[in-house]
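Peer 1: Below is the structure I would like to discuss, written out as structure tokens.
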Amino acid sequence: MKDDPTLPRQPRLRAWFPGGSLLWPLAGLGALLLFNLVFATGFFRLELRDGHVYGTLVDILNQGSKAMLLSIGMTLVIASGGVDLSVGSLMAISGAVAATAVAKGTVPFGAAVGAALAAGGFAGLCNGFLVAVVRIQPIVATLILMVAGRGIAMLLTDGQIVTFEHPAFVFLGNGHLAGLPFTLFLVLLSLGATALVMRRTAAGLFLESVGDNERAAALCGISGTRVKLWVYAFSGLCAALAGLVATSNVKAADSSRVGEMMELDAIFAVVVGGTSLTGGRFTLLGSLIGAILIQTLTTTLYNLGLEPAIAPVPKAIVVVGVCLLQSSRFRGELSGWLRSRRAAA
Amino acid sequence: MSPPLLEARGISKAFRGAQALSGVDLTLREGEIHALMGENGAGKSTLIKVLTGVHPPDAGTIQWEGRPIQPRTPHEAEGHGISTVYQEVNLVPNLSIADNLLLGRQPTRLGLIRGGEVRRRASASLTRLGLDLDVRAPLGSCSLAVQQMVAIARALDIQARLLILDEPTSSLDEREVATLFSLLGRLKEKGLAILFVTHFLDQVYALADRITVLRNGARVGDYPVAELPRLRLIEAMLGREFHPVSPATDAPRSDSPTPPEAFTPLLEARGLGRSGGMNPVDLSIHPGEILGLSGLLGSGRTETARMLFGVDRPDQGSLRINGAEQEIRSPREGLRLGLAYCAEDRKAEGIIPNLSVRENLILAVQAGRGPLRLMGRAEQETLADHYIRALNIRTASRETPIRNLSGGNQQKVLLARWLALQPKLILLDEPTRGIDVGAKAEIERLVASLRGAGTAVLFISSDLEEMVRNCQRVAVLKDRRKIGELAGADITPSGIMRLIAHHEG
Amino acid sequence: MASLKEGRRVKLRHSRSLPLLATTGVLAILYTSASLLYPGFFTVRVFLNLLGDNAFLGITAIGMTFVILSGGIDLSVGAVVAFTGTLIASLLTRGTPPGWAMLLALAIGSTFGGAMGFLIHRYELPPFLVTLGGMFFARGMSFVVSKESVGITHPLYQQASDFGLPVAGGASLPLTGILFLGVVALGVTVAHGTRFGRNLYALGGNEASARLMGLPVGGVKIAAYALNGFCSALAGIVATLYMGSGNPAMGFGLELDAIASVVIGGTLLTGGAGSPAGTLVGVLIFGTLQTALVFDGRLNSWWLRIAVGLLLLLFILLQRVLSRPAGARHP
């Protein structure tokens, strides 16, 4: 028995986005779209008004952009075997930093954005320090900023809702480029840049090694500490970017509301996208699809007349269901049950 | 004669295709201390777990006083009177001694635990063992010896008739061992059967009445202690395995001359040690030399390798690489100096299970280049294909996740990972454990070829024949100390065994 | 044998109770400085109101203590409080007797918690994920029950809110405070005086050992979540008593306050060490900070979040330092 190791190259897309199979999230998304094709009128309608494309599909992508941005960083954190609960609070901090800077009027916009991103990155680095150096479990370490982050954001805005009319800042979350929402380009740019760094340098390989087997990676000379510091800082950066978009959307830094519950959407997007919560292999494309899937689900439910406040119920069922399907024990029980059903029939 | 207390016949157990036990027999009698011996992977813990209901056996029967039993949980085994104290004391350090003793069976009144009664009973059962302890103290604050005793007291508290002790002495000092042994002696007099797993020969001879030896999942034999001299015991444990395809066997060992002392050794350790890990050791390895580290389980072989590579930092002695004094504080520094370490525990410290064969193979080379300079895809594939062919790695493709490969092929990928670094010295810790005979021979051939290329090898194996076939020199360890060195024609299995058996630690 | 009784014990025993000592110390310092800073702070009435105002936080925190002791976490408590509170309020407006409404709420809360515990135990799902799902579910369901706040006009509620246990100087302990202290007493008894409580500590200390010792690990774990669900439902009842209404939006972020109180109260987030008594102190610290902010008037509520975050950090670091020597003996 001798196998020829020279097998055909992987398809290009899989080479760029290895990891869990994209089949399941795509199938879920397809099913949702099919449902809307049959039952929802005008779901796929796109119209051109004032040179901008409008329609439900565009809305989904636009509204889902924050979760998508968060899920990029969250994917890497989860791949390292951790989780970041503080992203929602970090969004609030970033929004507060940028809005107060812009509202003063003296700070150039670029510097305000830079400061917001730096604040998010630094806060993420603090998370990373607690996880990687002090070795506190990720849930606990990031809980601290989840609790205190919103307070810090309020401190920055002095508890007020800071409004602004700065055109560049407003454009960030509401503007259009080539007829499409600017946020779309922001997401694609961030995703592309991250994928490029992950797959065109050894960063992705190191991250997957550390997440899959930290001790083995250490014997190869890969420092788990360094990798973790980076991914938490990066997650903070992504949160800061998402915070800028969310703040721009409402043209105000409302520190108590910005990014509320967003950490859940981000974690869910990653899990639904097929990256395992135990760490290791990750798929950025899967998380993107996961984020779109969740937003499509939300929008579909709204279209069916469900109150926004009630939407979390089906969302929770979907997410716990997906987690159950990832559990080997549940799959075993399910297939056993199906087999016995078939035998009975 | 009354039936033995426990009689296991033909016990077999496989885990995911790997046969851990095949047709093992074990007989235990009341008032007898029975030692269960064998190297790593011999099947000792699996056998114990079968007896205590942790794993169901695939085949075989267990008779308890002549009646068949099939314990399915530790709880059920306890119901029969089989109690176990595991190596890592299986108690809860955050609770008090009294809580630990009576956990799950505290006396209650109206659902509430009667605290005074718990403490009284706990004290009483400790007093029965001749222990006088403050039962309110948290267990974690006691020494390991005391924790061990408490574990035994708990085990006996359920009217145990058979007490199984898995490596009870591995973390105790001499005085603590003496205390434990006098306790076991008293229990034996009370008619208890004790099954006792250890790798300390002296302790077996001090304590046990009978010895059962396991090797590679099979029983080698069951002997009264008095009739089994040390040397025969070591032979039984380490054994002489038959290797049909071994290329090195025919070549007489003495043909390979030890490199002249005039050469600077590639690595020279002087008094290198680590408190709590390894006593100071002197070692030197020359380029193109294969130095063996031999000794029984727990003798400090792995500890020495880990110390050299910087996994565990040594805290005394000095290390020279190519004559220059060096301090290796982490694997990264070890790698930078041209060392590579193929760890013993393939699953925990070797493979990255979900990554492909290619990724596992290039990982160390890539780590050496840093994160920014990613090896080109073509370069990675060339390297992977080269080693897949050269080491005859059987895999569906180079993109197959490594967890889907057999143990032997996983091991070859890991060897390739380190060889791709072209190290000056490679530390191989049990590179042939748990893999099939064919793969073993291939790995041995590979090690021999490394020598020709001028690479130095530190070779660790429990298989003495393998040591004899492959090594030019063998350093023998015992009780975390180097007790001697053999070279050239002196390297024979019996030579190594004699050294271990007759050295008085 | 006496030589085996070591001196180490004294030191370690000290370090074991250190978190609780530190917590009590922090409370004493906070309470003293607040009393010195703000006239009228150091009165029986303020203290009793502290207990009454933080009753529903305190009751969820006691429930959370059990889950955390078992080595898990529950993020759904705030949403469950909202759900049960809203459920009771809307049942009352439909004429259900208060006793039945409350019993139903308690049954639903316990079942919900138990179901999450079942998923966590049987399918080995991460607790934070399952309970996040539970949080979404319960929050959504409370809006299904009612879209806005439901006022309660039942005479029993009027009597209940007027009730107070006279203590001293005309000050009295409100019913919510009585319930809180009752739950603390019950919690301490269960944790320290029952087999279930001891098994819980064993499970949180070392799950593998607990299993090998023959303890019913699965049952204990599921029971811990069910007990927490029960406490959340009880907190929902207390919340309706306290506010005189059931609001589907209430208890937002309550889980964080509860976890913070538990940790500040000296319970180890990794499980196995701590006590509901410590949680009482943790809740009092939380309440003292909050009351001090009210007395001050200049400082805003966001300082509370920052202060709680800092205390959380402090106690987590303290736990990390204290748990290190214990781990060092087992390489």
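Protein chains in written order, with the numbering used here: chain A, 1057 to 1401; chain B, 4 to 508; chain C, 25 to 355. Using N, Cα and C, we set each Cβ at its ideal position, and we do this for glycine too.
Between the beta-carbon of LEU313 of chain C and the beta-carbon of GLY102 of chain C, is there less than 8 Å?
Peer 2: no
Peer 1: Should THR218 of chain C be flagged as near chain B, meaning a C-beta pair shorter than 8 Å?
Peer 2: yes
Peer 1: Count Cβ pairs between the region 1325 to 1336 of chain A and the region 1079 to 1088 of chain A that sit closer than 8 Å; are there 3 or more?
Peer 2: yes
Peer 1: With 9 Å as the C-beta to C-beta threshold (strictly closer), list the residues of the region 91 to 115 of chain B near chain C in chain order.
Peer 2: GLU91, VAL92, ASN93, LEU94, VAL95, PRO96, ASN97, LEU98, ASP102, ASN103, LEU105, LEU106, GLY107, ARG108, GLN109, THR111, GLY114, LEU115
Peer 1: Identify every residue that forms a DSSP beta bridge with GLU170 of chain B.
Peer 2: Note: GLU170 of chain B sits in no beta bridge, so no partner.
Peer 1: Residues of the region 270 to 293 of chain C with a CB closer than 9 Å to any CB of chain A: list them in chain order, please.
Peer 2: Sequence-ordered contacts of the region 270 to 293 of chain C with chain A read PRO272, ALA273, PHE276, GLY277, LEU280, ASP281, ILE283, ALA284, VAL287, LEU293 [C-beta pairs closer than 9 Å].
Peer 1: Quick one: which unbroken beta strand (DSSP E) runs of 3-plus residues sit fully inside the region 69 to 152 of chain B? Chain order, please.
Peer 2: 70 to 72, 85 to 88
Peer 1: Within a Cβ cutoff of 7 Å, which residues of the same chain sit near GLY143 of chain B, ignoring the five residues on either side of it in sequence?
Peer 2: PRO96, ASN97
Peer 1: Count the other CB atoms, across all protein chains shown, that sit within 10 Å of the CB of PRO334 of chain B; report buried if there are 16 or more and exposed otherwise.
Peer 2: buried
Peer 1: For SER170 of chain C and ILE112 of chain C, I'd like the C-alpha separation in whole angstroms.
Peer 2: 11 Å
Peer 1: Among A:THR1162, A:GLY1170, A:SER1142, A:LEU1141, which residue has its Cα nearest to the Cα of VAL1153 of chain A?
Peer 2: A:GLY1170
Peer 1: Near PRO262 of chain B, which residues of its chain fall below 7 Å by C-beta distance, leaving aside the five closest residues on each side in sequence?
Peer 2: In this predicted model, PRO262 of chain B has a pLDDT of only 49, less than 50, meaning its place in the structure is not dependable; the value taken from the coordinates is given anyway. For PRO262 of chain B, where only same-chain residues beyond five positions count, the Cβ hits under 7 Å are HIS289, GLY291, GLU292.
Peer 1: At what residues does the alpha helix (DSSP H) containing GLU292 of chain B begin and finish?
Peer 2: Taken as a continuous stretch (DSSP letters only), GLU292 of chain B belongs to no alpha helix (DSSP H), as it is neither H nor E.
Peer 1: Where does CYS474 of chain B fall in DSSP's three states?
Peer 2: coil
Peer 1: Quick check on DSSP: helix, strand or coil for SER1332 of chain A?
Peer 2: coil
Peer 1: So the candidates are C:PRO190, C:THR117, C:PHE160; which of them puts its Cα closest to the Cα of LEU180 of chain C?
Peer 2: C:THR117
Peer 1: Beta-carbon of ILE97 of chain C versus every beta-carbon of chain A: anything under 8 Å?
Peer 2: yes
Peer 1: Cα-Cα, which of B:GLY220, B:ASN395, B:TYR390, B:TYR344 is closest to LEU459 of chain B?
Peer 2: Here residue 459 of chain B is Ala; the residue named in the question, Leu, does not match the sequence. Of B:GLY220, B:ASN395, B:TYR390, B:TYR344, the residue nearest in Cα terms is B:TYR344.
Peer 1: Return helix, strand or coil for LEU1382 of chain A, following the three-state DSSP convention.
Peer 2: The sequence as given places Gln at residue 1382 of chain A; Leu does not occur at that position. GLN1382 of chain A: helix per DSSP, three-state reduction.
Peer 1: Quick one: list the residues of chain C neighbouring PRO317 of chain B, beta-carbon separation under 9 Å, in chain order.
Peer 2: What PRO317 of chain B touches in chain C: nothing, since even the nearest Cβ is about 15 Å away.
Peer 1: Going straight from the alpha carbon of HIS37 of chain B to that of LYS191 of chain B, what length do you get?
Peer 2: Computed Cα separation, rounded: 11 Å.
Peer 1: Rounded to a whole number of angstroms, what is the C-alpha to C-alpha distance between VAL121 of chain B and LEU292 of chain C?
Peer 2: 25 Å
Peer 1: On the three-state DSSP scale, how would you describe TYR1110 of chain A?
Peer 2: strand
Peer 1: For LEU1186 of chain A, which residues from the same chain have a beta carbon less than 6 Å from its beta carbon, with the 5 sequence-adjacent residues on both sides left out?
Peer 2: ILE1192, ALA1197
Peer 1: For a cutoff of 8 Å on Cβ pairs, would you count LYS171 of chain C as touching chain A?
Peer 2: Taking Cβ atoms only, chain A reaches closer than 8 Å to LYS171 of chain C, which makes this a yes.
Peer 1: Beta-carbon of ALA367 of chain B versus every beta-carbon of chain A: anything under 8 Å?
Peer 2: At a cut-off of 8 Å between beta carbons, ALA367 of chain B contacts chain A.
Peer 1: Measuring only between beta-carbons, confirm whether GLU433 of chain B sits less than 8 Å from chain C.
Peer 2: Judged by the 8 Å Cβ criterion, GLU433 of chain B is not in contact with chain C.
Peer 1: Excluding the 5 residues preceding and the 5 following GLY1267 of chain A in the sequence, name in chain order all residues of the same chain whose CB lies nearer than 7 Å to its CB.
Peer 2: ALA1135, SER1136, GLY1137, GLY1335, GLY1336
Peer 1: Return the chain-ordered ranges of every alpha helix (DSSP H) run that is complete within the region 142 to 229 of chain C and spans a minimum of 4 residues.
Peer 2: 151 to 169, 179 to 186, 199 to 217, 219 to 229
Peer 1: Quick one: what's got a C-beta closer than 7 Å to PRO317 of chain B's C-beta in the same chain, skipping five residues either side?
Peer 2: Closer than 7 Å at Cβ, skipping near neighbours: LEU275, GLY276, ARG277, MET310.
Peer 1: Which residue marks the beginning of the beta strand (DSSP E) containing THR215 of chain B, and which one marks its end?
Peer 2: 213 to 218
Peer 1: Near GLY253 of chain C, which residues of its chain fall below 6 Å by C-beta distance, leaving aside the five closest residues on each side in sequence?
Peer 2: GLY133, SER134, PHE136, GLY137
Peer 1: At which residues does the alpha helix (DSSP H) containing LEU39 of chain B begin and terminate?
Peer 2: Looking at the DSSP string, LEU39 of chain B is not in any alpha helix (DSSP H); the run it does join, the beta strand (DSSP E), is 36 to 40.
Peer 1: Under three-state DSSP, which class holds GLN206 of chain B?
Peer 2: helix
Peer 1: Less than 7 Å between C-beta atoms, sequence neighbours within five positions excluded: which residues of the same chain meet that for LEU136 of chain B?
Peer 2: ILE100, LEU129, VAL149
Peer 1: Hey, how far is the Cα of MET240 of chain B from the Cα of GLY353 of chain B?
Peer 2: 26 Å
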